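Here's the structure we're looking at; comments come further down.
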Amino acid sequence: MKRTIVPFGPQHPVLAEPLVLDLVLEDEKVIDAIPTIGYIHRGLEAMVDRVEYTEMGFVVERICGICSFMHGMGYCLALESIMSVEVPDRARWLRIIWAEISRIQSHLLWLGLGADAFGFENLFMHCWRMREEILDIFEKTTGGRIIHSVNRIGGVKRDISDSELIAIVARLDGLGKAFEATARVFANDPSIRHRMSGVGVLSMADARAVDAVGPMARASGVRMDTRLAGQNLYDQIEFEPVLETAGDCLARVVVRMREVRQSIDLIHQMVDKMPKGEGLPLENKPRGNPSGETFTRLEQPRGEVVYYVKANGTKYLERFRARTPTFANIPAMIKLVKGCDLADVPNIILTIDPCISCTER
Amino acid sequence: MSNPFRLPMAPRAIRNLFSKPATRRYPYEIRPRFDGARGTIKFDVDTCNYCTLCAKRCPAAAITVSREDRTWAIEHLTCIGCNVCVEVCAKKSLAMSTEAKHVHTHAEVGPQGQRPGHEEWHGADPAIAAAAAKAAAELSIDAPSS
Amino acid sequence: MDRQGFLARVGEYHTNGWRLAIINATTVPPVDAAEPGIFEISWGFAKDLEFETIREQVTTADEVPSVSDFFGAAFLYENEMRELFGLNVTGIGLDLGGQLYKTSVKIPFSHAAVKARLAATAAATAAASGKKA
Chain W
399 MKRTIVPFGP QHPVLAEPLV LDLVLEDEKV IDAIPTIGYI HRGLEAMVDR
449 VEYTEMGFVV ERICGICSFM HGMGYCLALE SIMSVEVPDR ARWLRIIWAE
499 ISRIQSHLLW LGLGADAFGF ENLFMHCWRM REEILDIFEK TTGGRIIHSV
549 NRIGGVKRDI SDSELIAIVA RLDGLGKAFE ATARVFANDP SIRHRMSGVG
599 VLSMADARAV DAVGPMARAS GVRMDTRLAG QNLYDQIEFE PVLETAGDCL
649 ARVVVRMREV RQSIDLIHQM VDKMPKGEGL PLENKPRGNP SGETFTRLEQ
699 PRGEVVYYVK ANGTKYLERF RARTPTFANI PAMIKLVKGC DLADVPNIIL
749 TIDPCISCTE R
Chain S
49 MSNPFRLPMA PRAIRNLFSK PATRRYPYEI RPRFDGARGT IKFDVDTCNY
99 CTLCAKRCPA AAITVSREDR TWAIEHLTCI GCNVCVEVCA KKSLAMSTEA
149 KHVHTHAEVG PQGQRPGHEE WHGADPAIAA AAAKAAAELS IDAPSS
Chain E
1064 MDRQGFLARV GEYHTNGWRL AIINATTVPP VDAAEPGIFE ISWGFAKDLE
1114 FETIREQVTT ADEVPSVSDF FGAAFLYENE MRELFGLNVT GIGLDLGGQL
1164 YKTSVKIPFS HAAVKARLAA TAAATAAASG KKA
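What follows is the structure, encoded as structure tokens:
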């Protein structure tokens, strides 16, 4: 049969960012997909030889506007492990509270974008209205809606008062109730089921073979979550990753919806467990310049991120590298796109929650 | 209808009919910013001792300080609002205000190479300031009381 | 590098159920454009909570075997290594032929490019301090 090559992107209604897939079609079936990225490659990793390590944290934070808190936190964790800085307890708890709040923010953003992609614009607006409340919490506690700049090597710069924390938990509870109404639509609306159910099925074996990470792997039943490693105090709270077994687009939506609920529950536990009081220490300043190397892993909303930092005892790092979750999920996406219908390609691409800014850095 | 979930959006839609909109009429109605929101940097020229620490630590290189000329300048459009300069300032001359950054139009940039967002302060020369203070003091003594 | 031994070790990780977490290359100083520079490559494998790496030092003249046969996700990292570091990776599963990134500098992490960047930074710093003085 005659083959047609259809370029998908860089400008496409479902994509917020430029990703190109050259789709090789036979009739309506996709035979092959060749990815091209690089339209927004900014060379942030190459900046380490002219940006001091103390200032690099602000650059890393700007890799992506959605996981900005987690990027900043991951960079600080990596440098702290190299410089063996002990982070005060309250600062560590505050960090993971903010991290879970940003997970809720990211998932609500994605659920909205997903709804927009299959043409349910009303739902998109409801998701983003809820996300706005999270951004309010961020602006109130960190000073910024998107770029928070509260992480420093050795701790955090701002405290949240105990009364404020209780107010945040109450607010998240209210948000959780409002979210249930929207979640019911995602789970039950017939048009969504038609569009998502049974589309783009990634089996458990395939998910392992292409090294999928994050919600993508968990929707296929792979019990994989870096939070299970118990670093960053996750061993002190009850945590079990959300798993779905269907592996289709709907399962990936459901995993993220359940993770929103789970994150609200985790924040409850964190606020209960953390040391209380005013004026507790939040920061231990590091001394000297870093020397050594480390791999740091962290669970971002989109999946596992790996930071590699190599320092040589000067104020400039030798190498900084971030392997972001989308980078690891692109092979899975290509695997799914092969063999599907052209009309399902947008949905499949969106359900991996692609963040091209993260991927290219 | 047998399945009660056939119209899952219906309750929400009915509620929306009778509730206020979730959005604001933006230019006419501006949301107040929270306390502690990071906005623009405010500089106090009287307390600064021109130690240049803020300029050295600024990740965006938005601040230029000259000890000799006693000038302190900031490019507000380069500033990333990270609060580092406020943290390092020993004299507490810098403060982060919640006021949102000013938006500059293309017309302001202009063909003559104006620098929108550039703000500059000139501190008084200590020698001149001392002389002026001395002169003022002498003036007040010498001034006839009648 | 020892090709057979390397592939055997990677294959062992694969059969024991490890997953490829990262392939990372690093430009090893000193950067001197005259000699073929040394690069360090780390293959990072993760299994549940553990993380291990295989590490090799190579030059641009060496042939780096692809691990695409074992790990389906390796092709992106390997294309990246070739485009950003100029390493000669052979047998990539999905060869993108230099079309992955669009960078203004060809091979931005090659020893020559890093050297040029360092020189430019030093010149800019010198110019800035000269202006002040």
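Protein sequences appear in the order of chains W, S and E. The end of the first sequence is residue 759 by the numbering used here, with every number in the run present. The end of the second sequence is residue 194 by the numbering used here, with every number in the run present. The end of the third sequence is residue 1196 by the numbering used here, with every number in the run present. Each residue gets a CB set at the ideal place from its N, CA and C atoms; glycine is no exception. In this text, all values refer to a predicted model and were calculated from it rather than measured experimentally.
- The residues Arg616, Gly619 and Arg621, in chain order, have a CB closer than 7 Å to that of leucine 641(W) in the same chain once the five nearest residues on each side in sequence are set aside.
- Using a CB distance below 8 Å, the part of the region 672-704 of chain W facing chain E consists of Phe693, Arg695, Glu702 and Val704, ordered along the chain.
- For leucine 1070(E), the enclosing alpha helix (DSSP H) has its first and last residue at 1066-1078.
- Taking 8 Å as the upper bound for CB-CB distance, alanine 1084(E) and phenylalanine 1114(E) are in contact here, some 7 Å apart.
- From the beta-carbon of proline 1171(E), the residues of chain W found nearer than 7 Å are Gly441 and Ala444.
- Distance from the CA atom of histidine 505(W) to the CA atom of alanine 1186(E), rounded to whole angstroms, is 45 Å.
- Between the alpha carbons of tyrosine 632(W) and alanine 709(W) lies a gap of roughly 28 Å.
- Here asparagine 682(W) really is in contact with glycine 552(W); their C-beta atoms are around 5 Å apart, less than 8 Å.
- When the five nearest sequence neighbours on each side are left out, the beta carbons in the same chain lying within less than 6 Å of the beta carbon of arginine 81(S) are those of Thr146, in order along the chain.
- By the beta-carbon neighbour count (other beta carbons within 10 angstroms, threshold 16), methionine 731(W) is buried.
- In this structure, Arg695(W) is the residue among Arg695(W), Thr434(W) and Lys713(W) with its C-alpha nearest to the C-alpha of threonine 722(W).
- Using beta-carbon distances, glutamate 530(W) counts as an interface residue toward chain S, with a partner under 9 Å.
- The region 72-88 of chain S makes no contact with the region 731-751 of chain W: fewer than 3 CB pairs, one atom from each, lie closer than 8 Å.
- When DSSP assignments are scanned along the region 511-557 of chain W, the uninterrupted stretches of alpha helix (DSSP H) that are 4 or more residues long and fall wholly within it turn out to be 519-540.
- Per DSSP, phenylalanine 467(W) lies in no beta strand (DSSP E) segment; the continuous alpha helix (DSSP H) that holds it begins and ends at 466-481.
- Assignment of beta-bridge partners to valine 422(W) by DSSP yields Ile403(W) and Asp430(W).
- Within the region 645-706 of chain W, the runs of beta strand (DSSP E) at least 3 residues long that lie entirely inside it are, in chain order, 689-698.
- At least one C-beta of chain E is nearer than 9 Å to the C-beta of lysine 733(W).
- Methionine 57(S) is positioned such that its CB atom lies closer than 9 Å to that of valine 583(W).
- By the Cβ-count criterion, valine 1177(E) is buried, with 16 or more other Cβ atoms from all chains shown falling within 10 Å of its own Cβ.
- When 8 Å is used as the limit between beta carbons, proline 729(W) is near these residues of chain E: Gly1135, Ala1136, Phe1138 and Leu1139, in chain order.
- Three or more Cβ pairs drawn from the region 116-124 of chain S and the region 88-106 of chain S lie within less than 8 Å of each other, which places the two stretches in contact.
- A straight-line Cα-Cα distance of about 8 Å links glutamate 638(W) and leucine 626(W).
- Nearest to cysteine 127(S) by C-alpha distance, out of Ile62(S), Cys106(S) and Gly84(S), is Cys106(S).
- Secondary-structure assignment with DSSP links aspartate 623(W) through no beta bridge to anything.
- With a contact defined as Cβ atoms closer than 8 Å, phenylalanine 1102(E) and alanine 1088(E) qualify at about 5 Å.
- A distance below 8 Å between beta-carbons, with the five flanking residues on each side excluded, links tryptophan 491(W) to the following residues of its chain, in chain order: Leu631, Met668, Lys671, Met672 and Pro673.
- Not one beta carbon of chain S lies nearer than 9 Å to the beta carbon of isoleucine 750(W).
- Under the three-state reduction of DSSP, glutamine 1120(E) is assigned to strand.
- Nearest Cα to lysine 733(W) within the set Glu691(W), Phe693(W), Gly677(W) and Met614(W): Met614(W).
- The straight-line gap separating the alpha-carbon atoms of arginine 719(W) and threonine 1116(E) is approximately 15 Å.
- Residue contact check for leucine 573(W) against chain S: no CB pair falls below 9 Å.
- Between glutamate 562(W) and isoleucine 665(W), the CB-CB gap reaches or exceeds 9 Å.
- Counting along the chain, alanine 1084(E) sits inside the beta strand (DSSP E) bounded by residues 1082-1090.
- Considering only beta carbons, the part of the region 76-89 of chain S lying closer than 7 Å to chain W consists of Phe82, Gly84, Ala85 and Arg86, in chain order.
- Taking a Cβ-Cβ threshold of 9 Å, the residues of chain W close to arginine 60(S) are Asn520, His524, Ala579, Thr580 and Val583, in chain order.
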